[in-house]
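Mapping to the working numbering: the sequence shown position 260 is 262, numbers consecutive. For each residue, glycine too, the CB sits at the ideal point set by N, CA and C.
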Amino acid sequence: MATVSRRGVLLGAAAAAAGSALSLAACAGPQPGRRSGTLRSRHWPGRDVHWQLATPTEGRDDQHPLVVVLHGKGGDASHAFRIVGLDEHVQDTGLAVAAVDGGDYYWHARRAGVDTGAMVVDDFLPMLRKLTGWSGKVAFLGWSMGGYGSLLLASQLGPDQVGAVVAESAALWTDAGLSAPGAFDDREDFIAHDVFRRTDVLSRIPVRLDCGRSDPFVPGNRAFARALPSARPTFDEGGHTATYWRDHAGPQLEWIAKTLRQ
């Protein structure tokens, strides 16, 4: 069950100096509609899972392609907008952008009894479709842990449901022994959720890979680009930072919008 609250759209304001005819617009243009709430999921027992949604102010919700955003380790649903600024681009791209809490479980089933990936697929995505009316293919966008998760969930849903993936600074390793502590329960867990073993299905989905050349995950991302030659890789200046993710947010959402509308 989900609970929803809605904020009004900020249209702008004016400020006038006393005794002066000058006025300054406080906002240059319309800002996205924002909704937020919580959901409960059997895949994350006892948790109120927070989510946020930003939509363009023009047109019906069911006209705006849906982008599901997965945050990195240590993040939450708010990071998509508060840190990465994805909501700043919904007006120009016409996309609806939604983010959800995922904890630090790397978006797959864990021994602890939590499966945040299944929560997204079984609970969050159906809730978004009902809320917005969008019935077409969706896109996934994520950074770090969420970049890996975006590839993983896209490979599970397949090309009939997913029309684009952006994996940014993705947490990718070529071997279980190289993975970060806590990313997987054990070697068997790594193998079961290894996206390098899922390139057949991912080759049928448009995939964009962005990673800074100073990012510690760049070796894994380069290896994945070789394993998935259909992907569109970009290895440019930058590291594993919020600045890199924010700077790439606009071009990434523009690419998603173009890809989903082809």
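Based on Cα-Cα distance, which residue from D177, V203 and P67 lies nearest to R263?
-> Here the question's residue 263 lines up with position 261 in the sequence shown. Of D177, V203 and P67, the residue nearest in Cα terms is P67.
Closer than 6 Å by C-beta to V209: which residues in its own chain qualify, once you throw out the five before and the five after it? Chain order, please.
-> Within the sequence shown, the letter at position 207 stands for residue 209. Correct list, in chain order: V167 and A233.
DSSP three-state assignment for W175, whether helix, strand or coil | Counted from its first residue, the sequence shown places residue 175 at position 173. Note: W175 maps to coil in three-state DSSP.
G35 - containing beta strand (DSSP E), residue span = Counted from its first residue, the sequence shown places residue 35 at position 33. Unbroken beta strand (DSSP E) run through G35: G35 to L41.
DSSP state of D182 mapped onto helix, strand, coil = Residue 182 sits at position 180 when you count from the first residue of the sequence shown. Just to set this straight, residue 182 is Ala in the shown sequence, not Asp. A182 carries a coil assignment under DSSP once its states are collapsed to helix, strand and coil.
What are the boundary residues of the beta strand (DSSP E) that W145 is part of?
-> As a first step, residue 145 is located in the sequence shown; it is residue number 143 there, counting from the start. It spans V140 to W145 - the beta strand (DSSP E) in which W145 sits, taken as one unbroken run.
Is F198 helix, strand or coil when you go by DSSP?
-> Reading the sequence shown from its first residue, position 196 is the one you call residue 198. In this structure, DSSP gives F198 a helical state, which the three-state scheme calls helix.
Would you mind reading off the limits of the alpha helix (DSSP H) that contains T95?
-> Position 93 of the sequence shown, counted from the first residue, corresponds to residue 95. It spans V92 to T95 - the alpha helix (DSSP H) in which T95 sits, taken as one unbroken run.
Expected contact under 8 Å - CB spacing of V140 and L154 to nearest Å = If you number the sequence shown from 1, residue 140 lands on position 138. If you number the sequence shown from 1, residue 154 lands on position 152. Wrong, their Cβ atoms sit about 15 Å apart, outside the cutoff.
Compare the beta carbon distance of R36 and L55 with 9 Å and say whether it is the shorter of the two.
-> Within the sequence shown, residue 36 is the residue found at index 34, counting from 1. Within the sequence shown, residue 55 is the residue found at index 53, counting from 1. At a Cβ-Cβ threshold of 9 Å, R36 and L55 count as neighbours.
Sequence-distant residues of the same chain with beta carbon closer than 7 Å to G138, five excluded per side | In the sequence shown, residue 138 corresponds to position 136, counting from 1. So the list reads P67, once near-sequence residues are dropped.
Determine which residues share a DSSP beta bridge with A101 and list them.
-> By 1-based counting over the sequence shown, the position of residue 101 is 99. Looking at the DSSP assignment, A101 forms a beta bridge with Q54 and V71.
If you count every other CB in all the chains shown that lies within 10 Å of the CB of S216, and 16 or more means buried, which is it?
-> Walking along the sequence shown from the start, residue 216 turns up at place 214. Answer is exposed; the Cβ neighbour count stays below 16.
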